[in-house]
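Participant: Please see the structure below; I have some questions.
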Amino acid sequence: MRRDRAVGHGCFSRAEIKGADEVFITSTAGGIMPVTRIDQAPIANGQVGPVTRRLIDLYWQKHTDPQWSTAGNIRERK
Numbered sequence: 285m286r287r288d289r290a291v292g293h294g295c296f297s298r299a300e301i302k303g304a305d306e307v308f309i310t311s312t313a314g315g316i317m318p319v320t321r322i323d324q325a326p327i328a329n330g331q332v333g334p335v336t337r338r339l340i341d342l343y344w345q346k347h348t349d350p351q352w353s354t355a356g357n358i359r360e361r362k
């Protein structure tokens with residue numbers, strides 16, 4: 285995968301999102317989640333793009349690598 289791709293983060297208009305080649309959102313718990321539609325309209329071809337798919341693969345490789353992750357104990361709050 286090329287490393288010279290332009291990326292952006294922040295607040296985007298609906299028009300900018302609809303015109304994007306690929307869109308994803310990310311969170312600590314959810315990892316990388318592709319966005320393929322907005323307002324019922326497809327983004328690009330409506331499929332997960334190759335860059336997003338590659339980032340998902342890399343994320344999960346690192347997620348299971350002990351050098352990149354630490355297991356934790358989750359306790360229920362009372």
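For the sequence shown, the residue numbers in this note's numbering are 285 to 362. Ideal Cβ positions, reconstructed from N, Cα and C, are used throughout, including at glycine.
In whole angstroms, give me the CA-to-CA distance for F296 and I327.
Facilitator: Stepping through the sequence shown from its first residue, residue 296 is reached at position 12. Stepping through the sequence shown from its first residue, residue 327 is reached at position 43. Each residue's Cα considered, the two are about 14 Å apart.
Participant: Between A325, P318, N357 and A290, which lies nearest to R298 when the distance is taken from Cα to Cα?
Facilitator: Here residue 298 is taken as the residue at index 14 of the sequence shown, counted from 1. The shortest Cα separation from R298 among A325, P318, N357 and A290 belongs to A325.
Participant: Might you give, ordered along the chain, the residues of its own chain that have their beta carbon closer than 6 Å to the beta carbon of I316, omitting 5 neighbours on each side?
Facilitator: Numbered from 1 along the sequence shown, position 32 holds the residue referred to as residue 316. These residues qualify, in order along the chain: F308, T310, L339, I340 and Y343.
Participant: Under the rule that 16 or more other beta-carbon atoms within 10 Å means buried, what is T348, buried or exposed?
Facilitator: As a working mapping, residue 348 is identified with position 64 in the sequence shown. Classification for T348: exposed.
Participant: Would you mind stating whether T320 and V332 have Cβ atoms separated by less than 8 Å?
Facilitator: Sequence index remark: in the sequence shown, residue 320 carries index 36 (1-based). Sequence index remark: in the sequence shown, residue 332 carries index 48 (1-based). Yes, these two residues count as a Cβ contact at 8 Å.
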